[in-house]
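Presented below is the structure to which this report refers.
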Amino acid sequence: MAVAIMIWVRSPLAGAEVADAKAQPPAHPTRIVSINPCVDALLMQLADSDQIAAISHYSHDKEASSASLEWALQFPATSGTAEEILAMRPDLVVASSHVAIPTERALERLGIPLVKLIIPQSVAESRQQITDLAHIIDQQDRGEQLNQNIDDAFERAKPADDEKIPALIWRRGGLVPGEGTLPDELLRWTGFANVSKDYGLAQWDVLTLEHLVNRPPRLLFSDGVRIGSDGQPVMPHPVLEKLSDRITIARYPERLLHCAGPTLIDAVTILSAERRNYKGAL
């Protein structure tokens, strides 16, 4: 009986773990099914449209998608159940590292190759993941081009001076990326100092609104901020509205916290723009 392949695309040091070499993906997959929105964003940049059989249902939701909605609506969407995936007759399934056990067993039973991508914890891991996935789907040139585009965006995002502006990324509900995370690396690259450690927070930790208000950073990035019809930021909470008189509060979309790959370009573009425009407290 054929067994599914499970390739864990990691950093260059970790390499790729193959569960069973007998069930390698085809040399040029033509019915790829993605069950993860971050994978969708990668496929948008790397794959030909006729290579894709279906994508994650999240990418049909403008608020949850990490890919272009116009691009995503070309393809059927799946919620990731075994029945939905198998109905698409895939020759390759690409997912995150968390796949429902019944789905994984069904793919294994039918010999359908499965590639699991971890969430990169650094820019280097993201670059390697792009290279590895591009190789798997026979689009090596596009992988090189995407990595070059990311490098170019990072070069443009370099600050003009060496000052590190104290800043914090705070998601609604209080989740904060601390030191050693990918968002932390992006903050440092674009001229900020991640002050999560000043609150005693771990890598991914929760900071209550009360503690945030008592000791606010000089600049706060939050996914809850939206842009109003007048072009001005609208705060998600009255307390933050009052706080915005004392500190700078900027929008940082939630999708940028979950994915790497091409979303890195959007992330450093947003961060660097705020760094250039930062004028300090009023």
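Per this note's numbering, the sequence shown runs over residues -9 to 272.
The C-beta atom is built at its ideal place from N, Cα and C for all residues, glycine as well.
- In summary, residue 168 is buried, with 16 or more beta-carbon neighbours lying within 10 Å of its beta-carbon over all protein chains present.
- When secondary structure is reduced to three states using DSSP, residue 86 falls in the strand class.
- Counting C-beta pairs with one atom in each stretch, the segment 204 to 217 and the segment 157 to 173 have three or more that are closer than 8 Å, which means they touch.
- Straight across, the Cα-Cα distance linking residue 88 with residue 263 is about 34 Å.
- The continuous beta strand (DSSP E) containing residue 195 extends over residues 194 to 196.
- Residue 37 and residue 211 have their C-alpha atoms roughly 32 Å apart.
- For residue 23, same chain residues with a beta-carbon under 7 Å away, outside a window of 5 residues either side, are 43, 44, 68, 75, 78, 80 and 83 in chain order.
- By the neighbour-count criterion, in which 16 or more other beta carbons inside 10 Å mark a residue as buried, residue 14 falls on the exposed side.
- Apart from sequence neighbours up to five positions away, the residues of its chain that approach residue 193 with a beta-carbon distance below 8 Å are 167, 168, 169, 170 and 171, ordered along the chain.
- Following the DSSP letters along the chain, one finds residue 166 in no alpha helix (DSSP H) but inside the beta strand (DSSP E) bounded by residues 165 to 167.
- Here DSSP, grouped into helix, strand and coil, assigns residue 27 to helix.
- Note that the C-beta distance between residue 35 and residue 136 is below 8 Å.
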